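With the working numbering, the residue at position 128 of the sequence shown is 128, and numbering never jumps.
Think of the CB as a built atom: it goes at the ideal place given N, C-alpha and C, for glycine as much as any other residue.
Everything numeric in this text was worked out from a predicted model, so none of it was measured.
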Amino acid sequence: MTGIASETLRKSPSVAIVRFIPSEPESGQKKQKKAIFFGLLYLIDETPPWHISLLLGFQHYLAMTGGTLTTPFILSIPMCFSNNTLVISEVMSTTFFACGIVTLLQSTFGVRLPIVQANDNSTASPIINNDDIWKPRMREIQGAIMVASLLEMFIGFTGLIGFLLRFIGPLTVAPTITLVGMALFPVAMEQSGQWGTPTVSAAGVIGMFAGVIASIIESIGDYYACARISGAPPPPRHAINRGIGMEGIGCLLTSSFGTGNGTTSYSENVGAIGITKVGSLRVVQYGAIVMIVVGVFGKVGAFFVCIPDPILGGVFMVLVGMITAVGISNVQFADMNSPRNLFIVGFSITFGMALPLYLQNHPNAIQTGAPEFDQIITVLLKTGMAVGGIVAIILDNTIPGTDEERGLLAWRKSASHDNGEKCRTASIKVYNLPFGLNRLSNYKFSKYLPFLPNLKDENEIITNQNVELDENTNTKL
Numbered sequence: 001m002t003g004i005a006s007e008t009l010r011k012s013p014s015v016a017i018v019r020f021i022p023s024e025p026e027s028g029q030k031k032q033k034k035a036i037f038f039g040l041l042y043l044i045d046e047t048p049p050w051h052i053s054l055l056l057g058f059q060h061y062l063a064m065t066g067g068t069l070t071t072p073f074i075l076s077i078p079m080c081f082s083n084n085t086l087v088i089s090e091v092m093s094t095t096f097f098a099c100g101i102v103t104l105l106q107s108t109f110g111v112r113l114p115i116v117q118a119n120d121n122s123t124a125s126p127i128i129n130n131d132d133i134w135k136p137r138m139r140e141i142q143g144a145i146m147v148a149s150l151l152e153m154f155i156g157f158t159g160l161i162g163f164l165l166r167f168i169g170p171l172t173v174a175p176t177i178t179l180v181g182m183a184l185f186p187v188a189m190e191q192s193g194q195w196g197t198p199t200v201s202a203a204g205v206i207g208m209f210a211g212v213i214a215s216i217i218e219s220i221g222d223y224y225a226c227a228r229i230s231g232a233p234p235p236p237r238h239a240i241n242r243g244i245g246m247e248g249i250g251c252l253l254t255s256s257f258g259t260g261n262g263t264t265s266y267s268e269n270v271g272a273i274g275i276t277k278v279g280s281l282r283v284v285q286y287g288a289i290v291m292i293v294v295g296v297f298g299k300v301g302a303f304f305v306c307i308p309d310p311i312l313g314g315v316f317m318v319l320v321g322m323i324t325a326v327g328i329s330n331v332q333f334a335d336m337n338s339p340r341n342l343f344i345v346g347f348s349i350t351f352g353m354a355l356p357l358y359l360q361n362h363p364n365a366i367q368t369g370a371p372e373f374d375q376i377i378t379v380l381l382k383t384g385m386a387v388g389g390i391v392a393i394i395l396d397n398t399i400p401g402t403d404e405e406r407g408l409l410a411w412r413k414s415a416s417h418d419n420g421e422k423c424r425t426a427s428i429k430v431y432n433l434p435f436g437l438n439r440l441s442n443y444k445f446s447k448y449l450p451f452l453p454n455l456k457d458e459n460e461i462i463t464n465q466n467v468e469l470d471e472n473t474n475t476k477l
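Pasting the structure below:
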């Protein structure tokens, strides 16, 4: 799209709501520098007028509502409050409020991408399937997620995820996310401290550890996709480390609020950026404020509880189908004509479904002589995404195969925006911390904190951008 065409588009009054642009004209110098990235009207570092930002933020809230409102219904069945509409509405309002706070923290201090934090279905999968029976179960889930979130914070803020990235490829991501969706099939077919002091058990924590690892794998892919579609450079390691660590803090906060669930990056809102053509970070921050305000008013949660079961069933089917399809779509980077890759994907998914089903039908299959250890192992092996993900990462890193065959080259190329297009992206500085916190990088101790920006990352991204903008070079980074 040329600069003239894009300017015409910006002045057109007949374009949909999502295409509103600033009324004040830009300087000629800024017009010359501006380039449309994927047809975006606003890049990540640009800010629409406040009223347009608020409207677009409300759209992000609506985009995350479909998946968010299903979680209380998913939890209500194993925790025995499916007939208690008051409890469901309370959980729903709490979820909106908590997701708003976590989204605001993530977009401001975390990975600093326009990415919404919403319910983490991977932490719902490990939940094992009279009025107050549900409260002890809710407290059990709270405690398990709170402890498991500490692992996610450790992996993120220590920079361990940067080391683990070399072992994670599309053949690992695909079975893991696919099994997250498949774990919710049965529910789809059927349709702080507000619950008391959280409790902790070893089995519950181990089960949530599996959910947290699956969430991390999914979020990394979302970060690269969001950066690509919002006109930002590929996220450097310090931003990814900070983002994963902030998701851990988010899980700790939401579980302490009593949502019965963790939070993770939401793929649906990444897709919404492609539809609205607005990649502005400020818009998502407005959306976070909308979530917080909506969560305060219990009538909103009560309204969603009144949705008829057939409609909820349809939403469940769409949600589960989308999660499964997103997982399967990761194999596009690998050579699926290769018998090696076909075996890894097929065996990982099949084994991730078969072993949990076997243990469900044979609950006493594992007998080590230590009941507590038996329970821990049983919970872990009954979590399909953990089984499939572990099998996939072992097979992918032990069976010989080239990087091209494994899909690593195509995956890295996609993540680096190297698609042959000449277009401007935002500065790498969009990943810097706000409010002067970036000055911490000037101190010597900052090199021991892998979540702080550093000059090496900036030079690496600038080099990538220069190579990308040079249409005559064949250099591969």
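Using DSSP bridges, identify the partner residues of N241. Working through the sequence shown from its first residue, we reach residue 241 at position 241. In DSSP, N241 forms no bridge with anything.
Spatial neighbours of T172 within its chain, please: CB distance less than 6 Å, with the 5 preceding and 5 following residues excluded, ordered by chain position. What you label residue 172 is simply residue 172 of the sequence shown in a count that begins at 1. Contacts found: A392, I393 and D396.
According to DSSP, residues forming a beta bridge with T263: Within the sequence shown, the letter at position 263 stands for residue 263. In DSSP, T263 forms a bridge with N119.
Beta-carbon contacts of V387 that lie in its chain and below 7 Å, excluding the five residues immediately before and after: What you label residue 387 is simply residue 387 of the sequence shown in a count that begins at 1. Answer for V387: F351, G352, L355, P356 and L381, listed in chain order.
Using CA coordinates, which residue listed in V200, T254, G301 and G156 is at the minimum distance from L452? Walking along the sequence shown from the start, residue 452 turns up at place 452. Measuring from the Cα of L452, the nearest candidate turns out to be G156.
Could you tell me which of G279, S265 and L86 sits nearest to A232, measuring between CA atoms? As a working mapping, residue 232 is identified with position 232 in the sequence shown. Checked all of G279, S265 and L86; the closest Cα to A232 is G279.
Pick helix, strand or coil for Y448, following the three-state DSSP scheme. As a working note, residue 448 is residue 448 in the sequence shown. Looking at Y448 - three-state DSSP - the assignment turns out to be helix.
Nearest residue (CA-CA) to I478, options G313, S93, P371 and V270: Given that the chain is displayed from residue 1 to residue 477, the structure contains no residue 478 and the question cannot be resolved.
For A148, collect the residues of the same chain with a Cβ closer than 8 Å to its Cβ; drop the 5 residues on either side in sequence, then sort them by chain order. If you number the sequence shown from 1, residue 148 lands on position 148. Only T123, V205, M208, F209, G211, V212, C251 and G262 meet the Cβ criterion.
If you drop the 5 nearest sequence neighbours on each side, which residues of the same chain put their C-beta closer than 8 Å to that of E152? Sequence index remark: in the sequence shown, residue 152 carries index 152 (1-based). So the qualifying residues of the chain are V212, S215, I216, I244, G245, E247, G248 and C251.
What is the rounded straight-line gap between the Cα of N129 and the Cα of H51? In the sequence shown, counting from the first residue as 1, residue 129 sits at position 129. In the sequence shown, counting from the first residue as 1, residue 51 sits at position 51. Confidence at N129 is low in this model, with a pLDDT of 44, below 50, so its placement is unreliable and no value can be given for it.
Validate contact between the region 400-416 and the region 361-371 using beta carbons, cut 8 Å, 3 pairs: no
Using a Cβ distance threshold of 8 Å, determine whether the region 44-60 contacts the region 281-296, with at least three qualifying pairs required. yes
Rounding to the nearest angstrom, what Cα-Cα distance links F303 and A225 in this structure? For this step, residue 303 is matched to residue 303 along the sequence shown. For this step, residue 225 is matched to residue 225 along the sequence shown. Rounded to whole angstroms, F303 to A225 spans 33 Å at the Cα level.
Considering Y61, what are the terminal residues of the alpha helix (DSSP H) in which it resides? Indexing the sequence shown from 1 puts residue 61 at position 61. Residues W50 to S76.
Simplified DSSP state of Y487, which is helix, strand or coil: Only positions 1 to 477 of the chain appear in the structure, and residue 487 is not among them; the question remains open.
Look up V173 in the DSSP assignment and say whether it is helix, strand or coil. Position 173 of the sequence shown, counted from the start, is the residue given in the question as residue 173. V173 falls in the helix class under three-state DSSP.
Please report the distance separating the alpha-carbon of F445 from that of K277. Residue mapping note: residue 445 aligns to position 445 of the sequence shown, counting from 1. Residue mapping note: residue 277 aligns to position 277 of the sequence shown, counting from 1. The straight-line gap from Cα to Cα measures roughly 40 Å.
Does the ligand COA have even one heavy atom less than 7 Å from the beta-carbon of T94? This structure lacks the ligand COA; in fact it carries no ligand of any kind.
Supposed close pair T103, P72 - CB separation, criterion 8 Å: Within the sequence shown, residue 103 is the residue found at index 103, counting from 1. Within the sequence shown, residue 72 is the residue found at index 72, counting from 1. Going by Cβ atoms, the distance from T103 to P72 rounds to 18 Å, so no, they are not a contact pair.
Would E90 and G301 qualify as a contact pair, given that the criterion is a beta-carbon distance under 8 Å? Indexing the sequence shown from 1 puts residue 90 at position 90. Indexing the sequence shown from 1 puts residue 301 at position 301. Cβ distance < 8 Å, so E90 and G301 count as in contact.
In three-state terms, what does DSSP make of V111? Residue mapping note: residue 111 aligns to position 111 of the sequence shown, counting from 1. Three-state result, V111: coil.
Could you give the C-beta distance for A118 and Y266, rounded to a whole number, given that I count them as a contact under 8 Å? For the purposes of this step, residue 118 is taken as the residue at position 118 of the sequence shown. For the purposes of this step, residue 266 is taken as the residue at position 266 of the sequence shown. That pair is a contact at about 4 Å.
Just curious, the alpha helix (DSSP H) that Q360 is in, first and last residue? The sequence position of residue 360 within the sequence shown is 360, counting from 1. P339 to N361 is the extent of the alpha helix (DSSP H) around Q360.
Find out if the Cβ-Cβ distance for the pair G401, R340 is shorter than 8 Å. For the purposes of this step, residue 401 is identified with residue 401 of the sequence shown, where counting begins at 1. For the purposes of this step, residue 340 is identified with residue 340 of the sequence shown, where counting begins at 1. A contact, by the Cβ cut-off of 8 Å.
Candidates L75, W411, Q106 and T259: which alpha carbon is nearest F167's? On the sequence shown, residue 167 is found 167 positions in, with the first residue counted as 1. Comparing Cα-Cα distances from F167 to each of L75, W411, Q106 and T259, the minimum goes to W411.
When the Cα of I376 is compared with those of S201, H60, G67 and F109, which residue comes out closest? Here residue 376 is taken as the residue at index 376 of the sequence shown, counted from 1. Of the listed residues, the one whose Cα sits closest to I376 is S201.
Range covered by the alpha helix (DSSP H) that runs through L440: In the sequence shown, counting from the first residue as 1, residue 440 sits at position 440. Per DSSP, L440 belongs to no alpha helix (DSSP H) and is neither H nor E.
Among P308, V320 and T254, which has the Cα closest to the Cα of G295? Looking up residue 295 in the sequence shown gives position 295. Among P308, V320 and T254, the Cα nearest to that of G295 belongs to T254.
Would you mind giving the Cβ-Cβ distance between V284 and V116, rounded to the nearest angstrom? I have them listed as a contact below 8 Å. The sequence position of residue 284 within the sequence shown is 284, counting from 1. The sequence position of residue 116 within the sequence shown is 116, counting from 1. Confirmed, about 6 Å.
Between the C-alpha atoms of E372 and Y358, what's the straight-line distance to the nearest angstrom? Residue 372 sits at position 372 when you count from the first residue of the sequence shown. Residue 358 sits at position 358 when you count from the first residue of the sequence shown. Distance between the alpha carbons of E372 and Y358 is about 20 Å.
Counted within 10 angstroms of its Cβ, other Cβ atoms place C99 as buried (16 or more) or exposed: As a position in the sequence shown, residue 99 is number 99, starting the count at 1. C99 is buried by the Cβ-count criterion.
Can the beta-carbon of P114 be found less than 8 Å from the beta-carbon of Y431? By one-based count along the sequence shown, residue 114 stands at place 114. By one-based count along the sequence shown, residue 431 stands at place 431. Contact flag unset, no.
Among residues of its own chain, excluding the 5 on either side of Y61, which ones have a beta-carbon nearer than 6 Å to its beta-carbon? Here residue 61 refers to the residue found at position 61 when the sequence shown is read from its first residue. Cβ within range, chain order: G287, V290 and M291.
Pull up the distance between the alpha-carbon of Y448 and that of V111, whole angstroms please. What you label residue 448 is simply residue 448 of the sequence shown in a count that begins at 1. What you label residue 111 is simply residue 111 of the sequence shown in a count that begins at 1. Their backbone Cα atoms lie some 19 Å apart in a straight line.
Since V278 sits in a beta bridge, which residues does DSSP pair it with? In the sequence shown, the residue the question calls residue 278 occupies position 278. V278 pairs with Y42.
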